[in-house]
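See below for the structure under consideration.
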């Protein structure tokens, strides 16, 4: 057995079922091994950012890593932006990146570059294979680094000759590093800190667990503290039967305002919230300077167990509250922000997966969807735009029976639109709603926040008109049926119909 | 004057006229400075790979760097693959990459990553700005590194606050590092080595200079040596009146065969040729093991002067030979490889710029175009696919009066297809001919070369059908008119018409 086959067989034995791939010459022996073993589902992306974003989406829903197959330093770099998002999400992803054969490395061939250097800033774990015999063991070490709580991006560099060489040895599945436990002391201190004027900030895996969400809200009810979550998270369970956990807003002034009233903060699987960017005259830290911060559970610790212990100590019961009202479909009319949010939230079926790269628009969908049937909400976690289309594809590969609805800003969509082709090829039930405002709307606000008084050159750099993008044509060009909608009631009907149909659909919502 | 404005004004004073940009929040002060000064043409790309590929294309034709404006580590990474190509081409490019404000760096904000680490593998020169007062000086140091012979990729990291801060100082234009001179001794040794059985390998700026091409061919005629060029080059001048310089083929066995007869090689602005990839049972070095190699001019030296001295020493006159026959338009019929090449080469007007990302198809265009009117040929230099559409855009920005014809493989086109929108927005006369064979054809050969016997999973990973891509729809979605062609004579007419019309056009050539 060659090195490539030993890696494929070892990963499969550990439960790795999917390989998202955009291979090149240096990965041909992996393509061959995947072909001969037929152990994994191979999903092709036409661009590496699709591959890595899909692996992230898969991981968020499957709760375990897929493999990616990438080609040398430029191929890895093409996938790096979505690996950045995956890292910030703590999504488990295992990258297999082909490198030139060891004997070829010294020759400065056209595709030679510093691959170790290129992967390091976008990986939590990096290793370069050194022999066919140890390649599978290295891969499993990376797998364990990726799959251990809370999740990480691991990258194994695979010199091509180690894949060809015979002598591959299947490696056993290593034990995962368990989530760290929180001390009774920490729980006691957190209990003491909570009360009116305090905020319980919950993140990470806590947000993925309905019981933990109810406990967190129950603790807030019992102590008089508030409960909040970071602005963007790997996955949040929400909808009817679950408490609404307010998220920290993106705009700096709204974020400062939302946190201004607190003098104690207790953190569970998250860190002290900071501004997305620095702005002249604004602080980087969002909590008031006088606020005392206390960590109940680090990201690598078991926040769910910590919350359970905390609930017991403060005598809190799981939240039992009134559901938010069911969202209602909008009347016929133009697609303003509220109508857009109503049209989407009211069309969500039970079990829907929402992928949120709406950026400036559709910000009310989350609020309204609190009263919808239970759903999962996946956000852009690292601020690197171009995550939505691939994330939706990967989530759908993980959960073929759950419809995916992607809230997609138009500017961001253009970074990785190639993912629509993968959605079509794999027959994924993804409904992409393009928020067509035809500008980098968010940057107009940012330009004002740095004190500029924008003239025509600046505005032109933030404008997506001249020519207008036609997302329906783009979608059809990649085999995805598409429809343009200008009316709110029609948008509702289009989404409601699409989520019931197999296969992808793109709806270009013309915003007013 | 703030730091951002001092950079813009200093770069402009040195002759920098164009900024290719995909900015984000941390670059808003640069957008503002570009807006207020109106000194540079700002060209927006909808994806960073478009920005960097266009900067490369611009540099190849303008002979000087444009600036790029990129956003943080993920934004840089999105542009890295085409910077890799630019580095391998020795194209002068100056990247301005925004970073978080210094005071914000310690907070692990969502978009934080190791930016210095991310840029290093794809840059020849890197610096991080340290104050508003010195920012322009740093930028000009980078500009000089980029613009000095033969060209380099320079990256300046710009913490956002240095752009806002007052105290910017315009920096003088530094002197460029001159190309190194070649010793008389080296010229004498080269003269001695040349003769039957020797090959003169010319690369770099030599290929851009008609007089040097004629001298090189004249030296070959006078000495009985052969003259050849690397397979992929930044820019080659060719066509009627110029000698045909054979290039080293891409496929390993053809490359070995082409070089098998030589026992001496003299290198001018290039290095010893190596295989693109390592293959089992094949060498990395392409020249025979017994071949003696001698460097007349390193890449950083003046190969043109060296060739002139060499010609004088061996008594060679500039080449005067018979032009290759003018290419003829093909008869009506299916688009096989020869008909495709005929259709394109016979439609090229004088002064055309050819962008070659044809990969497996259209390989005869270069041979046939040797008899066409003079033209410039730009190739994919670093093997990182996705260069064609942006490179064509940048070349056209540099040379608005010269029609650009892009030979574009379909699989490669999908990496940076967003560049079509930039072509439309800027009204660039670019004719993109998509070679629609609907597969990663080159990888099928590579799979066989590593000894695989591909089954359905492997073939599926190299196949672009299911669903078929419709490039005409994709082009129209970005405002570029498009036409699908299945007949060779019709393709000729379509290209001949398009190059005479302003603005971009995409022709999807359905290959048989």
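Chains as they are written, first to last, in the numbering used here: chain A, 200 to 711; chain B, 200 to 711. Backbone N, C-alpha and C fix where the C-beta goes; we use that ideal spot for every residue, glycine too. In this text, all values refer to a predicted model and were calculated from it rather than measured experimentally.
- Of all residues in the region 283 to 295 of chain B, only 283, 284, 286, 287 place a beta-carbon less than 9 Å from a beta-carbon of chain A.
- Between residue 525 of chain A and residue 570 of chain A, the gap from beta carbon to beta carbon is short of 7 Å.
- Residue 224 of chain B carries a helical assignment under DSSP once its states are collapsed to helix, strand and coil.
- Linking residue 242 of chain B to residue 258 of chain B through their CA atoms gives a straight-line distance of about 14 Å.
- About 4 Å separates the Cβ atoms of residue 341 of chain A and residue 353 of chain A, confirming a contact at the 8 Å cut-off.
- Among the residues of chain B, those whose CB is under 8 Å from the CB of residue 225 of chain A are 476, following chain order.
- Look at the region 342 to 392 of chain B and you find these whole runs of alpha helix (DSSP H), each 4 residues long or longer: 359 to 363, 383 to 392.
- Residue A:628 holds the alpha-carbon nearest to the alpha-carbon of residue 679 of chain A among A:710, A:628, A:641.
- Assignment of residue 270 of chain A by DSSP, reduced to helix, strand and coil, places it in the strand class.
- Residues 386, 387, 390 of the same chain have their beta carbon placed closer than 8 Å to that of residue 512 of chain A, with the five preceding and five following residues left out of the count.
- Residue pairing of residue 576 of chain A in beta bridges, as defined by DSSP: A:435, A:553.
- Contact fails between the region 525 to 535 of chain A and the region 213 to 232 of chain A, because fewer than three Cβ pairs, one in each stretch, are under 8 Å apart.
- Rounded to the nearest whole angstrom, the C-alpha separation of residue 676 of chain B and residue 208 of chain B is 37 Å.
- Sequence-distant Cβ neighbours of residue 283 of chain A in its own chain, meaning closer than 7 Å and more than five residues away, are 321, 581, 583.
- For residue 518 of chain A, the closest C-alpha among the options A:558, A:602, A:636, A:423 is that of A:423.
- Inside the region 270 to 339 of chain A, DSSP marks whole beta strand (DSSP E) runs of 3 or more residues at positions 292 to 298, 324 to 327, from first to last along the chain.
- A Cβ-Cβ contact shorter than 7 Å links residue 542 of chain B with residue 691 of chain B.
- When DSSP states are grouped into helix, strand and coil, residue 655 of chain B belongs to the helix group.
- The beta-carbon separation of residue 210 of chain A and residue 338 of chain A, rounded to 6 Å, stays under the 8 Å limit for a contact.
- Residue burial annotation: residue 413 of chain A is buried, with at least 16 other C-beta atoms found within 10 angstroms of its C-beta.
- According to DSSP, residue pairing for residue 706 of chain A in a beta bridge involves A:632, A:682.
- When DSSP assignments are scanned along the region 523 to 547 of chain B, the uninterrupted stretches of alpha helix (DSSP H) that are 4 or more residues long and fall wholly within it turn out to be 536 to 544.
- Out of A:623, A:410, A:330, A:655, the CA that lies nearest to the CA of residue 366 of chain A is found in A:330.
- By the rule that beta-carbons nearer than 7 Å mark a contact, residue 669 of chain A touches chain B.
- Close to residue 272 of chain B, with beta-carbon spacing below 9 Å, are these residues of chain A in chain order: 279, 280, 283, 320, 321, 583.
- Counting only residues of its own chain and dropping the five nearest sequence neighbours on each side, residue 637 of chain A has a CB closer than 6 Å to the CB of 663, 664.
- A distance of 7 Å or more separates the beta carbons of residue 288 of chain A and residue 593 of chain A.
- DSSP places residue 466 of chain B within a strand segment (E or B) once states are collapsed to three.
- Within chain A, the residues 309 have their CB atoms less than 8 Å from the CB of residue 580 of chain B, given in chain order.
- Around the beta-carbon of residue 655 of chain A, fewer than 16 other beta-carbon atoms lie within 10 Å, marking it exposed.
- By the Cβ criterion, the region 500 to 509 of chain B is in contact with the region 371 to 385 of chain B, since at least three pairs of Cβ atoms, one from each stretch, lie closer than 8 Å.
- Spanning the alpha carbons of residue 379 of chain B and residue 262 of chain B requires a straight line of approximately 18 Å.
- Here residue 432 of chain B is buried: its Cβ has 16 or more other Cβ atoms, across all protein chains shown, within 10 Å.
- When CB distances to chain B are screened at a threshold of 8 Å, the residues of the region 354 to 368 of chain A falling below it are 359, 360, 363, in chain order.
- Annotation: Cβ neighbours of residue 241 of chain A in chain B (cutoff 8 Å, chain order): 656, 659, 660.
- Among the residues facing chain B, residue 638 of chain A is not included, as its CB has no counterpart in that chain under 7 Å away.
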